[in-house]
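> In case it helps, the working numbering puts the sequence shown at residues -17 to 513.
The structure is given below, and queries will be raised subsequently.
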Amino acid sequence: MPTEPRSRVGFVTMSANRTMTTAYEDWGFLAELQVRNLNDSFKSYDLIKNATQDFLTQTPVTKKYNGLEEKQKAVWNSNSVAFSFNSPPVTEEMNESEDQSHEKSLSLAEISVMQKVLRCHLLESSHEVEVLRRDKRSPLYSVKSFEQLQLPPNLLKGVYGMGFNAPSKIQETTLPLLFADPPVNLIAQSQSGTGKTAAFVLACLGRIRVELRYPQVLILSPTYELAMQTGQVAQKMAQFCSGIEFRFAVKGQMLPKGYNITEHILIGTPGKVFDWGRRYRHFDFQKLSIFVLDEADIMISIQGHHDQCVRIHRMLWNNCQTILFSATYSAEVMEFAEMIISDPIIIRLKREEETLENVKQYYIECNSIHKKYSALINIYGVLSIGQAIIFCRTIRTASWLGNKMSEDGHSVGYLSSELSMEDRLNTVTRFREGKEKVLITTNVCARGIDIEQVTIVVNFDLPVTVKREADRETYLHRIGRSGRFGKRGIAINMVESDSDLQVLKTIEDHFGRKIFKLNADDVDALEELNT
């Protein structure tokens, strides 16, 4: 959404009454924001747009947004990596513990960012909403259409423009509560992709009084990336609403001394918001009418955020509506929620459980990594692949496999914790859009990838614990996603040794589901998997 900076100070200010640009359709959006901050003396959007295009096509950052192939080559062929990607690991055990030590787990925030990028539309869930606690004085009802909320026409137009034809399960119940008069405090638990962000954004936009030139809504997110994603949703939804403006209180943003924020909605991270409100007095906490704390489970996992959120809430006026959303409903989350929310209504949508019911499982015996690769190529050439994910145990193996497949002319994506956040987002976005049909990744990404088009999962290496015992939970997370959304999936396990066979037998016994032997050289047998 274009904007004219109001001064030469590097901060983001965006007006929702201007036409949105396609730059916000992908993660080039973040780069555009950075360019806008650096070029805030420009007085027209055309200049900013041109600068953005130059930035995305001429600077080294291009590799983070526009060229996955370039980035893959840089990652796979970098001299800074301690091992060669051009030769395979000699044995399964060779330096494996050392290799795995280089693989750091993704944080909850990083996983959430990837999930939000991957979810291009709402999940369909058969689970019902549970009301765990309610205010008996406030009748509970649901809505089946957005028209029932009596939204302003321009806001309703924005909702439909985002592809929301009808409220999701969590929206059906939460939206009437969020629009209740008098306002009620709400705690809602729902997994990513169910429409929870759109729910609270819609409620915030519906309560804005444009004539009041100060922040009326505060939305807290745990990280910069999550704050920007929430802002993207809000700006898309408000694109037809004249006069609603947003400001982002995130890292890198600065305001001049004595500046008073005039935008209606403030979106940011706890530390920056606290400094702007308490230390520098850029806005008045007492004037806020809605306080949203998003991703509460992630918020409390980040050091310092817990206390900052509590301190921020203490500065609000008593009648400020408080809304808390969380992907999980743990005792720790509830303890945190009850510290800052008085007399809340609690809504819960059960999580869609991973299952193996729709997954047909196979294994292929291979006595070397080269045999594994040959079997993989045979599968790749015969199966009618929608999209496939290949899981490796280590960065070393994943990098070698990605490089090998790329050299042999296969278009693949590569994902591991060694990549930057921007590179990971670029990779998963391209995979979601089908620009790569195969994604090679490691264990740490098993829980952050959830793509509807994935029909085949290959365990190039079986998941094992540090004691080399079957890691049943990781196995479920890996292959369960191929049978999600009621669709049929296929899981293929590469078995290299007797110990691998024992691991597979343990997994088979645990889940009580037969894993069938498959001959990768039998084309007819492979083709039968397509039926």
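Even glycine gets a Cβ: it sits at the ideal position worked out from N, Cα and C.
Note that the coordinates shown come from a computational prediction; the quantities given were computed from them, not determined experimentally.
In chain order, which continuous runs of the beta strand (DSSP E) of length 3 or greater are located wholly inside the region 317 to 352?
With a minimum length of 3 residues, the continuous beta strand (DSSP E) runs that stay inside the region 317 to 352 are 327 to 331, 341 to 347.
> Does L176 pass the burial test, meaning 16 or more other C-beta atoms within 10 Å, or should it be called exposed?
What you label residue 176 is simply residue 194 of the sequence shown in a count that begins at 1. Looking at the sequence itself, residue 176 is Thr, so the reference to Leu does not match. Buried, by the Cβ-count rule.
> So for V232, helix, strand or coil by DSSP?
Counting from 1 along the sequence shown, the entry for residue 232 is found at position 250. Looking at V232 - three-state DSSP - the assignment turns out to be coil, as it is neither helix nor strand.
> Count Cβ pairs between the region 296 to 312 and the region 154 to 169 that sit closer than 8 Å; are there 3 or more?
Yes: at least three Cβ pairs fall under 8 Å.
> Just how far apart, CA to CA, sit Q343 and P445?
The sequence position of residue 343 within the sequence shown is 361, counting from 1. The sequence position of residue 445 within the sequence shown is 463, counting from 1. Roughly 15 Å between the two C-alpha positions.
> Could you check what DSSP says for F146 in three-state terms: helix, strand or coil?
In the sequence shown, the residue the question calls residue 146 occupies position 164. Looking at F146 - three-state DSSP - the assignment turns out to be coil, as it is neither helix nor strand.
> Along the chain, where does the beta strand (DSSP E) that runs through K499 open and close?
Here residue 499 is taken as the residue at index 517 of the sequence shown, counted from 1. Residues 497 to 499.
> Let me make sure I understand the geometry here. Which of V439, A180, R296, L138 has the alpha-carbon closest to that of S150?
Here residue 150 refers to the residue found at position 168 when the sequence shown is read from its first residue. When only C-alpha atoms are compared, the closest one is A180.
> Which one or two residues does DSSP pair with A170 in a beta bridge?
As a working note, residue 170 is residue 188 in the sequence shown. F307, I329.
> With 16 as the cutoff for other CB atoms within 10 Å, does F265 come out buried or exposed?
Along the sequence shown, read from residue 1 onward, the residue named residue 265 stands at position 283. Per the 10 Å Cβ criterion, buried.
> From this set, T244, E227, L358, which residue's C-alpha is nearest G384's C-alpha?
For the purposes of this step, residue 384 is taken as the residue at position 402 of the sequence shown. The shortest Cα separation from G384 among T244, E227, L358 belongs to L358.
> May I ask you to list the residues that DSSP assigns as paired with F273?
Walking along the sequence shown from the start, residue 273 turns up at place 291. DSSP output for F273 lists L200, T304 as bridge partner(s).
> Whole-angstrom Cβ separation of I472 and T437, contact assumed at under 8 Å?
One-based indexing of the sequence shown puts residue 472 at position 490. One-based indexing of the sequence shown puts residue 437 at position 455. Sure, about 6 Å apart at Cβ, within 8 Å.
> Which of the three DSSP states is assigned to A502 in this structure?
Along the sequence shown, one-based indexing puts residue 502 at 520. A502 falls in the coil class under three-state DSSP.
> So, at 6 Å on beta carbons, what are the nonlocal neighbours of E478 in its own chain, with the 5 sequence-adjacent residues on each side left out?
Here residue 478 refers to the residue found at position 496 when the sequence shown is read from its first residue. Cβ neighbours of E478 beyond the five flanking positions: C348.
> Considering only C-alpha positions, which residue in the set A313, Q211, V183 is nearest to L138?
As a first step, residue 138 is located in the sequence shown; it is residue number 156 there, counting from the start. That would be V183, whose Cα lies nearest to the Cα of L138.
> Within this structure, are the beta carbons of I346 and M476 separated by less than 7 Å?
By one-based count along the sequence shown, residue 346 stands at place 364. By one-based count along the sequence shown, residue 476 stands at place 494. Result yes, Cβ atoms of I346 and M476 sit closer than 7 Å.
> Is N242 buried or exposed, if buried means 16 or more other CB atoms sit within 10 Å of its CB?
Residue 242 sits at position 260 when you count from the first residue of the sequence shown. By the 10 Å Cβ count, N242 comes out exposed.
> Using a Cβ-Cβ cut-off of 6 Å (strictly less than) and excluding sequence neighbours within five positions of N68, which residues of its own chain qualify?
To locate residue 68, count along the sequence shown from 1; it is residue 86. Only weak support exists for where N68 lies, its pLDDT of 49 falling under 50; the value from the coordinates is given anyway. Once the five neighbours on either side are set aside, N68 has no close Cβ partner at all.
> Flag this pair as yes or no: are the beta carbons of Q303 and H246 separated by less than 7 Å?
Position 321 of the sequence shown holds residue 303. Position 264 of the sequence shown holds residue 246. Against a cut-off of 7 Å, the Cβ pair of H246 and Q303 comes out as no contact.
> Give me the DSSP bridge partner(s) of Q369.
Translated into positions along the sequence shown, residue 369 becomes position 387. Per DSSP, V436.
> Is it a yes or a no for the region 208 to 217 touching the region 157 to 171, going by three-plus beta-carbon pairs under 8 Å?
No, the region 208 to 217 does not touch the region 157 to 171.
> Assuming R293 and F256 are in contact, meaning their beta carbons sit under 8 Å apart, how far apart are those beta carbons, in whole angstroms?
Within the sequence shown, residue 293 is the residue found at index 311, counting from 1. Within the sequence shown, residue 256 is the residue found at index 274, counting from 1. Right, the Cβ-Cβ distance comes to about 6 Å (below 8 Å), so this counts as a contact.
> Whole angstroms is fine: what's the gap from V341's alpha carbon to L248's?
Residue mapping note: residue 341 aligns to position 359 of the sequence shown, counting from 1. Residue mapping note: residue 248 aligns to position 266 of the sequence shown, counting from 1. C-alpha separation (whole angstroms): 45 Å.
> Just confirm the distance between the C-beta atoms of K269 and Y196, as a whole number of angstroms; I'd bet it's less than 8 Å.
Here residue 269 refers to the residue found at position 287 when the sequence shown is read from its first residue. Here residue 196 refers to the residue found at position 214 when the sequence shown is read from its first residue. That belief holds up - the Cβ atoms of K269 and Y196 are roughly 5 Å apart, short of 8 Å.
> Can you tell me whether DSSP reads M297 as helix, strand or coil?
Position 315 of the sequence shown, counted from the first residue, corresponds to residue 297. If DSSP states are grouped into helix, strand and coil, M297 belongs with coil.
> Which residue wins for smallest C-alpha separation from G145, given the options R260, S172, T424, M219?
Position 163 of the sequence shown, counting from 1, holds the residue named residue 145. It is M219.
> With a CB to CB cut of under 6 Å and the five nearest residues on each side skipped, what residues in its chain are close to T488?
Within the sequence shown, numbered from 1, the residue matching residue 488 stands at position 506. Closer than 6 Å at Cβ, skipping near neighbours: A452.
> Identify every residue that forms a DSSP beta bridge with N441.
By 1-based counting over the sequence shown, the position of residue 441 is 459. F373, N475, per the DSSP bridge assignment.
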